[in-house]
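Taking it in order: structure first as C-alpha cells, then the write-up.
Residue numbers (the UniProt record's numbering): 1 to 564.
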C-alpha cells in the first residue's frame with residue numbers, strides 16, 4: 001500500500017510539473033497580469049475565471065485513474081480562482097470544474113462536483129477575509145495558499161465519504177489517494193502562488209527601476225530650459241539624456257536645424273546643420289512620434305555614408321497650443337536592439353521638456369512684466385499644484401458636481417487673487433481670502449490627510465500687510481511639509497497683536513523644514529526680504545523647527561490699520 005501511494009505521488013508530481021510549466025509559459029504573456037493583483041474590474045475577473053477554470057479542468061485531465069475515480073490536482077485551479085478572483089470567481093471556477101468532473105462519471109463524480117464547488121468558495125472566502133482586513137500580503141503568501149489547499153483537500157475527502165456510495169469503496173479510495181493528493185495539491189498551489197508572487201516582485205522591481213531612472217532624469221533636467229529653448233540649454237539636456245539612458249546618441253532640434261548632438265556620429269552631426277531626415281520632418285509636420293527600427297522601417301543617415309547609427313526614435317517637442325517647436329531624437333547603433341524602456345522614457349522625457357519649454361516661455365513673459373519682487377511671487381504658480389488641482393477637480397466632478405462647482409470657484413478665486421492684485425498692500429481679510437481659496441483646493445486633494453485650523457480675531461482682519469505675505473508660507477508648509485507625511489497633517493494659522501506688532505504664525509506638524517533647500521525657501525525668502533525692506537530689520541520671517549514634530553513660521557509686521 002505504501003509503495004502504491006508513493007508511486008501515485010510520483011505520478012501526480014510528474015503531472016504537476018507539466019501543469020506548472022504551462023503556468024510558467026502563461027506568465028510570459030499579458031494574460032498573466034490580472035493574476036498578480038486584486039482588482040474589482042470585471043474584465044479582469046472574467047479573465048481570472050477563464051484561466052483558473054482551464055487549470056481546474058486541466059487538473060482533472062492530468063489526473064490518474066484509481067478505482068473508478070481520478071486522483072487529480074483540480075483543487076489548485078479552484079482554490080486559486082477563489083483566492084485571486086474572489087467569492088464569485090471561485091464559485092464559478094468550482095462550478096465549471098465540478099461539472100466537467102461530473103461529466104467523466106465514476107462513483108465519486110457527484111461528490112467531486114460538490115467538493116470542487118466548495119473548494120472554490122473556500123478560496124473566495126479567504127480572499128474576502130484578507131481583503132476586508134487589508135492583508136494582501138497574506139493573500140499572496142504561498143504558505144497561506146498551501147494551507148488553504150490542504151484544508152480544501154481534507155474537505156474534499158470528507159465530502160467523498162459523505163456522498164459517494166458504496167461507502168466501503170469510498171473509504172478504500174480515500175486510503176489510497178489521501179496522502180498523494182494532499183501533498184500534490186498543497187505543494188502545487190503554493191508553487192503556483194510563488195510563481196505569481198515572483199512575477200509581482202519582478203514587475204515591482206521593474207517599475208521601481210523605471211521610476212528611479214525617470215526621476216533622476218527629471219531631477220537633473222529640472223529648470224535646464226528655464227531660460228528658453230536655447231542651444232546652450234539643449235547641449236546640457238542632451239548630455240543628461242545621453243548619460244542617463246545609455247542610448248547610442250541623443251539630439252535635439254528646433255523646426256529647422258540641429259541644436260545639440262552627443263554620442264555616436266557627433267563628428268558629422270554638427271549643431272547648426274539643417275534638418276535633412278525624412279523621419280524628423282514627418283514628426284514635425286504630423287506632430288507624431290516616429291520610430292525607425294532599422295528593419296521594418298529603414299533608417300539611414302543622410303549626413304555620412306559610414307554612420308554607425310542604425311535606428312532612431314523621433315519625438316515632437318510641443319509648445320503653446322500643442323504646436324511642434326522641435327524634436328528630441330534618440331539613436332541606437334546598428335545591430336543593437338532599441339529597448340522598450342528607452343522608447344517609453346524618450347516619450348516621457350519629451351513631455352517633460354515640452355512642459356519646461358512652455359514653463360520657460362510663461363516665465364519669460366512674466367519676467368517681462370515684472371517690475372518688482374511682487375511680480376515674481378505672482379508668477380510662482382506651481383505647475384504641480386495646478387496639475388494636482390485639475391486632477392482633484394476631475395475626481396470630484398465624477399463624485400459630486402456640486403462640490404466640483406465649489407472647487408472651481410475656489411480655484412478661480414485663487415488665480416484671480418494670485419494674478420490680478422493691485423497695489424503693494426492688502427488687508428489681512430483679503431490675504432486670508434486668497435489663502436482660504438488655496439486651502440480649500442488642497443483640502444479637496446488631501447481629504448482627511450489635511451486638517452486646517454484658523455484662529456484670527458475679527459478686529460485684526462482690517463490691518464494691512466504686504467501682498468503675498470501669507471499664501472507662500474502656507475503653500476510651503478503643505479508642499480514641503482504635510483504632503484511628505486504618511487500621517488494626517490495639521491496646519492494651524494493664527495494672528496495676534498503683540499504691542500504695536502501684528503504677529504502671524506503658520507504651524508504644521510511635519511517638522512520637515514530644511515534651511516538649505518533653495519526651492520522650498522524661495523517664497524519665504526522673498527516675503528522676508530520684502531518685509532525687511534519695507535519696515536526694517538526688526539520685522540520679517542523667523543522659523544522654528546522641531547524635526548519630525550512641527551515647523552512654526554512667524555511673520556512679524558507693524559500694526560497698520562486700513563484707511564476708512
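The C-beta atom is built at its ideal place from N, Cα and C for all residues, glycine as well.
Since this is a predicted model, take the numbers as computed values, not measurements.
Grab me the residues of residue 501's own chain with a C-beta within less than 6 angstroms of its C-beta, minus the 5 sequence neighbours each way, in chain order. Cβ within range, chain order: 556.
For the pair the stretch 105-113 and the stretch 209-218, tell me if three or more CB-CB distances fall below 8 angstroms. No: fewer than three Cβ pairs fall under 8 angstroms.
Compute the Euclidean distance between the alpha carbons of residue 483 and residue 75, then round it to the nearest angstrom. Their Cα atoms are separated by approximately 47 angstroms.
What are the start and end residues of each continuous beta strand (DSSP E) run of 3 or more residues lying completely inside the UniProt domain "GAF" (213-367), in chain order? The qualifying runs are 249-254, 258-263, 290-292, 309-318, 324-333.
Select from 553, 559, 452 the residue whose C-alpha is nearest the C-alpha of residue 464. Across the set 553, 559, 452, the C-alpha of 559 shows the shortest separation from the C-alpha of residue 464.
With DSSP as the reference, label residue 141 as helix, strand or coil. Here DSSP, grouped into helix, strand and coil, assigns residue 141 to coil.
Output the residue ranges of the beta strand (DSSP E) runs that lie fully inside the stretch 400-467 and measure 3 residues or longer, sorted by chain position. Counting whole runs of 3 or more residues, the stretch 400-467 contains the beta strand (DSSP E) stretches 425-427, 450-455, 464-466.
With a threshold of 8 angstroms, are at least 3 pairs of Cβ atoms found where one atom belongs to the stretch 316-323 and the other to the stretch 284-298? Touching, per the Cβ criterion.
Boundaries of the beta strand (DSSP E) in which residue 495 is found, first to last residue: The continuous beta strand (DSSP E) containing residue 495 extends over residues 489-498.
Three-state secondary structure assigned by DSSP to residue 168: If DSSP states are grouped into helix, strand and coil, residue 168 belongs with the helices.
What residue does the beta strand (DSSP E) around residue 546 start on, and which one ends it? Start and end: 540-546.
Anticipated Cβ contact below 8 angstroms, residue 265 with residue 309, distance rounded: Yes, residue 265 and residue 309 are in contact; Cβ-Cβ is about 5 angstroms, under 8 angstroms.
For the candidate residues 56, 206, 508, 456, whose alpha-carbon lies nearest to that of residue 476? Out of 56, 206, 508, 456, 508 has the C-alpha closest to the C-alpha of residue 476.
For residue 185 versus residue 66, is the C-beta distance shorter than 7 angstroms? No; because the gap between Cβ atoms is not below 7 angstroms, this pair is not in contact.
Identity of the residue in 457, 131, 451 nearest residue 478 by Cα: Considering only alpha carbons, the answer is 451.
Once DSSP output is grouped into helix, strand and coil, what is the label at residue 71? Residue 71: strand per DSSP, three-state reduction.
Let's see if you can read the secondary structure: which residues bound the alpha helix (DSSP H) around residue 471? 471-479 is the extent of the alpha helix (DSSP H) around residue 471.
Whole-angstrom distance between residue 393 and residue 183, CA atom to CA atom: Roughly 54 angstroms between the two C-alpha positions.
Pick from 221, 440, 231: whose alpha carbon is nearest that of residue 404? Closest option to residue 404, judged by alpha-carbon separation, among 221, 440, 231: 440.
Keeping to the same chain, check which residues put their C-beta closer than 6 angstroms to that of residue 45; ignore five residues upstream and five downstream. Around residue 45: 85, 89.
Could you tell me which of 510, 473, 14 sits nearest to residue 585, measuring between CA atoms? The question about residue 585 has no answer, for the chain in this structure spans 1 to 564.
Would you call residue 17 buried or exposed, if buried means 16 or more other Cβ atoms sit within 10 Å of its Cβ? Per the 10 Å Cβ criterion, exposed.
With distance defined between alpha-carbon atoms, name the residue in 95, 561, 247, 179 nearest to residue 311. With respect to the C-alpha of residue 311, the residue from 95, 561, 247, 179 having the closest C-alpha is 247.
Report yes if the C-beta distance between residue 511 and residue 459 is below 7 angstroms; otherwise report no. A distance of 7 angstroms or more separates the beta carbons of residue 511 and residue 459.
Candidates 400, 326, 553, 462: closest to residue 230 by CA position: Selected option, being the one with the closest Cα: 326.
Residue 41 in three-state terms, based on DSSP: Note: residue 41 maps to coil in three-state DSSP.
6 angstroms Cβ shell around residue 130 - same chain, five flanking residues per side excluded: So the list reads 138, 139, once near-sequence residues are dropped.
Please report the residue range of the alpha helix (DSSP H) in which residue 87 lies. For residue 87, the enclosing alpha helix (DSSP H) begins and ends at 87-103.
Quick one: any contact between the stretch 141-151 and the stretch 186-198, if contact means 3 or more CB pairs under 8 angstroms? Contact annotation: the stretch 141-151 touches the stretch 186-198, with at least three C-beta pairs closer than 8 angstroms.
Cβ-based burial, residue 15 [other Cβ within 10 Å; buried from 16]: Residue 15 is buried by the Cβ-count criterion.
Do you know how far the Cα of residue 402 is from the Cα of residue 444? Computed Cα separation, rounded: 13 angstroms.
By the DSSP assignment, the beta strand (DSSP E) with residue 505 in it spans what residues? That run of the beta strand (DSSP E) goes 501-508.
Close-in-space but distant-in-sequence residues of the same chain around residue 11 (CB under 7 angstroms, 5 per side omitted): For residue 11, same chain residues with a beta-carbon under 7 angstroms away, outside a window of 5 residues either side, are 64 in chain order.
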